[in-house]
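Trainee: Here it is, the structure, as structure tokens.
Number of protein chains: 2
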Amino acid sequence: MPTETERCIESLLAVFQRYAGREGDNCTLSKREFLAFMNTELAAFTKNQKDPGVVDRMMKKLDLNSDGQLDFQEFLNLIGGIAVACHNSLVVKAPGP
Amino acid sequence: MPTETERCIESLLAVFQRYAGREGDNCTLSKREFLAFMNTELAAFTKNQKDPGVVDRMMKKLDLNSDGQLDFQEFLNLIGGIAVACHNSLVVKAPGP
Chain H
1 MPTETERCIE
11 SLLAVFQRYA
21 GREGDNCTLS
31 KREFLAFMNT
41 ELAAFTKNQK
51 DPGVVDRMMK
61 KLDLNSDGQL
71 DFQEFLNLIG
81 GIAVACHNSL
91 VVKAPGP
Chain S
1 MPTETERCIE
11 SLLAVFQRYA
21 GREGDNCTLS
31 KREFLAFMNT
41 ELAAFTKNQK
51 DPGVVDRMMK
61 KLDLNSDGQL
71 DFQEFLNLIG
81 GIAVACHNSL
91 VVKAPGP
């Protein structure tokens with residue numbers, strides 16, 4: 001049986017491939033594929049955004065090589081960024097001396 | 001109900017906190033905590049390593065600020081690195097022209 005960490009790595013691969021495989025290069029997310037991913041998998045985030053341009057700007061920021069596509073590493077930077085933001089918001093640091 | 005991506009982010013946070021909370025600073029993995037994580041969560045990887053120094057060297061490589069501890073971002077770099085390696089080994093690129 002896979003461990004929690006192994007399951008998580010498998011999930012990330014599976015989710016990426018599910019959306020990247022919809023059209024064009026099946027190793028990258030096009031803007032349409034990225035929008036579909038965001039509106040389905042991270043709907044709780046996108047629903048709270050009043051600015052319709054926010055997902056566009058996220059795509060531009062994540063697309064480090066500016067090829068109009070997100071590869072798996074660029075996709076992971078998003079997941080990592082969200083995870084770090086969640087982690088930081090949960091961690092209440094003790095006040096310094 | 002959380003989506004697969006949301007569950008995955010939750011898992012990464014939970015796994016990190018489970019090991020980081022064992023001793024010392026509960027926001028970072030000490031070397032002992034990292035070893036426990038590797039031997040439990042990624043045992044399939046560590047079991048295949050004949051070189052006992054490999055986990056030591058991984059820790060040194062991941063510890064970007066060389067403070068002897070892994071913070072959550074450094075931990076995510078490991079998960080991301082494994083996921084990218086898995087992804088690349090699964091992707092068989094078509095031969096070029």
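Here the protein sequences come in this chain order: H and S.
All residue numbers for the first sequence refer to full-length UniProt numbering, where the first residue is 1 and numbers rise by one.
All residue numbers for the second sequence refer to full-length UniProt numbering, where the first residue is 1 and numbers rise by one.
Even for Gly, the Cβ is constructed at its ideal location relative to N, Cα and C.
What is the residue span of the alpha helix (DSSP H) that Met-59(S) lies within?
Mentor: As a first step, residue 59(S) is located in the second sequence; it is residue number 59 there, counting from the start. Where Met-59(S) is concerned, the enclosing alpha helix (DSSP H) stretches over 54-62.
Trainee: If you measure from the beta carbon of Val-84(S) to each beta carbon in chain H, is any gap under 8 Å?
Mentor: Stepping through the second sequence from its first residue, residue 84(S) is reached at position 84. Output row for Val-84(S): interface = yes.
Trainee: State the DSSP-derived secondary structure class of Gln-17(H), mapped to helix, strand or coil.
Mentor: If you number the first sequence from 1, residue 17(H) lands on position 17. In this structure, Gln-17(H) counts as helix in the three-state DSSP scheme.
Trainee: Closer than 8 Å, CB to CB, is Val-55(S) near chain H or not?
Mentor: Reading the second sequence from its first residue, position 55 is the one you call residue 55(S). No, no contact with chain H.
Trainee: Under 8 Å, do Thr-3(H) and Glu-41(S) count as touching if we go by C-beta distance?
Mentor: Counting from one through the first sequence, the residue named residue 3(H) turns up at place 3. Counting from one through the second sequence, the residue named residue 41(S) turns up at place 41. Closer than 8 Å, so yes.
Trainee: For Leu-29(S), write down the residues that DSSP places opposite it in a beta bridge.
Mentor: Here residue 29(S) refers to the residue found at position 29 when the second sequence is read from its first residue. Leu-29(S) pairs with Leu-70(S).
Trainee: For the alpha helix (DSSP H) that contains Lys-47(S), what are its first and last residues?
Mentor: For the purposes of this step, residue 47(S) is identified with residue 47 of the second sequence, where counting begins at 1. Note, Lys-47(S): alpha helix (DSSP H), 43-47.
Trainee: Could you have a look at Arg-22(H) and say whether DSSP puts it in helix, strand or coil?
Mentor: Locating residue 22(H) in the first sequence gives position 22, where the first residue counts as 1. In the structure shown, Arg-22(H) sits in coil (DSSP, three-state: anything other than H, G, I, E or B).
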